[in-house]
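Colleague: Note that our numbering numbers the sequence shown so that position 104 is 104, with each residue one more than the last.
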Amino acid sequence: MGEQLRISGVVPESIVDGRGFRFTIFTQGCPHHCPGCHNPQTHDFSGGKLVDTDWLFQELKKDPLLKGVTFSGGEPFCQPGILARLAQRIHQETKLDVTVYTGWTLEELWGMQDPDIAALLNETDVLIDGRYVEAERDLSLLFRGSRNQRVIDMKASRAAGAPVLLQLDEPSA
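1. Evaluate contact between the region 73-88 and the region 115-134, counting only Cβ atoms and requiring at least three cross-stretch pairs below 8 Å.
2. With a 10 Å radius around its C-beta and 16 neighbouring C-beta atoms as the bar for buried, classify Asp44 as buried or exposed.
3. Expressed to the nearest angstrom, what Euclidean distance is found between the alpha-carbon atoms of Lys67 and Leu60?
4. Under 8 Å, do Pro163 and Leu106 count as touching if we go by C-beta distance?
5. For Asp97, report the span of its beta strand (DSSP E) as first-last.
6. Note down, in chain order, each residue of its chain lying with its Cβ closer than 8 Å to the Cβ of Tyr155, except the 5 sequence neighbours on either side.
7. Is it buried or exposed for Ile90, if we count other Cβ within 10 angstroms and need 16 for buried?
8. Label Ser72 either buried or exposed according to how many other C-beta atoms from any shown protein chain fall within 10 Å of its C-beta, with 16 as the threshold for buried.
9. Please list the terminal residues of the continuous beta strand (DSSP E) segment that includes Arg6.
10. Specify, as a first and last residue, the run of the beta strand (DSSP E) that Thr53 falls within.
11. Please state the DSSP three-state secondary structure of Lys49.
12. Is it the case that the Cβ atoms of Gln79 and Leu5 are separated by a distance below 8 Å?
13. Taking just the CA atoms, how far does Leu165 sit from Arg158?
14. Could you tell me the boundaries of the alpha helix (DSSP H) in which Ser157 lies?
15. Counting pairs of Cβ atoms below 8 Å between the region 40-56 and the region 4-18, do you hit three or more?
16. With DSSP collapsed to three states, give me the class of Leu66.
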């Protein structure tokens with residue numbers, strides 16, 4: 001039996017939460033409360049439901065069309081240890097990549113110096129960071145809702161010691 005993760009729900013085949021078909025896990029609990037948030041039902045830390053990570057893993061393995069798994073929210077970095085272990089298992093036992101959404105910036109996460117946060121960042125292939133800012137809303141952006149949010153290549157960022165943006169094919173501003 002795996003660990004218990006508090007989630008709001010899952011979307012077994014998403015095309016809006018990262019590149020390719022993705023199994024998206026919406027974590028429950030978020031401290032940011034961004035005005036205009038797309039998922040306000042995920043803010044309450046006592047809401048949602050507890051699910052077993054073994055069950056989640058078996059569910060995501062069922063779909064041969066998946067390119068990856070996305071941790072969204074809520075705020076995934078409020079449950080970093082359990083998600084790091086799930087992401088590590090995904091990397092070890094499948095060919096899927098891991099995308100993580102967060103309201104914090106990568107620099108803020110690095111600055112927290114939390115070993116569980118560091119472990120999740122280490123297992124993250126693509127990080128989409130930054131709070132949703134309603135005044136910067138832009139529906140033409142891929143995988144994010146406001147212009148301040150970044151899509152970060154984490155392997156390149158770890159090597160550079162600084163955020164390296166992933167190049168996306170999207171309309172220019």
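Where is the CB? At the ideal position from N, CA and C, for every residue including glycine. Small disclaimer: the values here were computed from a predicted structure and weren't measured.
Modeller: The short version:
1. yes
2. For the purposes of this step, residue 44 is taken as the residue at position 44 of the sequence shown. Exposed is the call here.
3. Working through the sequence shown from its first residue, we reach residue 67 at position 67. Working through the sequence shown from its first residue, we reach residue 60 at position 60. C-alpha separation (whole angstroms): 10 Å.
4. Within the sequence shown, numbered from 1, the residue matching residue 163 stands at position 163. Within the sequence shown, numbered from 1, the residue matching residue 106 stands at position 106. Going by C-beta atoms, Pro163 is nearer than 8 Å to Leu106.
5. The sequence position of residue 97 within the sequence shown is 97, counting from 1. Note, Asp97: beta strand (DSSP E), Asp97 to Tyr101.
6. As a first step, residue 155 must be located in the sequence shown, where it is residue number 155. The residue asked about is misnamed: residue 155 is Lys in this sequence, not Tyr. Excluding positions up to five away in sequence, the list reads Asp125.
7. On the sequence shown, residue 90 is found 90 positions in, with the first residue counted as 1. Looking at its Cβ environment, which holds 16 or more other Cβ atoms inside 10 Å, Ile90 is buried.
8. Position 72 of the sequence shown holds residue 72. Buried: at least 16 other Cβ atoms inside 10 Å.
9. Translated into positions along the sequence shown, residue 6 becomes position 6. Per DSSP, Arg6 belongs to the beta strand (DSSP E) from Gln4 to Ser14.
10. As a first step, residue 53 is located in the sequence shown; it is residue number 53 there, counting from the start. Note, Thr53: premise wrong, no beta strand (DSSP E); alpha helix (DSSP H) at Thr53 to Lys61.
11. Your numbering for residue 49 matches position 49 in the sequence shown. In the structure shown, Lys49 sits in a strand (DSSP, three-state: E or B).
12. Looking up residue 79 in the sequence shown gives position 79. Looking up residue 5 in the sequence shown gives position 5. A contact, by the Cβ cut-off of 8 Å.
13. Stepping through the sequence shown from its first residue, residue 158 is reached at position 158. Stepping through the sequence shown from its first residue, residue 165 is reached at position 165. For Arg158 and Leu165, the distance between alpha carbons rounds to 12 Å.
14. Position 157 of the sequence shown, counted from the start, is the residue given in the question as residue 157. Its alpha helix (DSSP H) spans residues Met154 to Ala160.
15. yes
16. One-based indexing of the sequence shown puts residue 66 at position 66. Note: Leu66 maps to coil in three-state DSSP.
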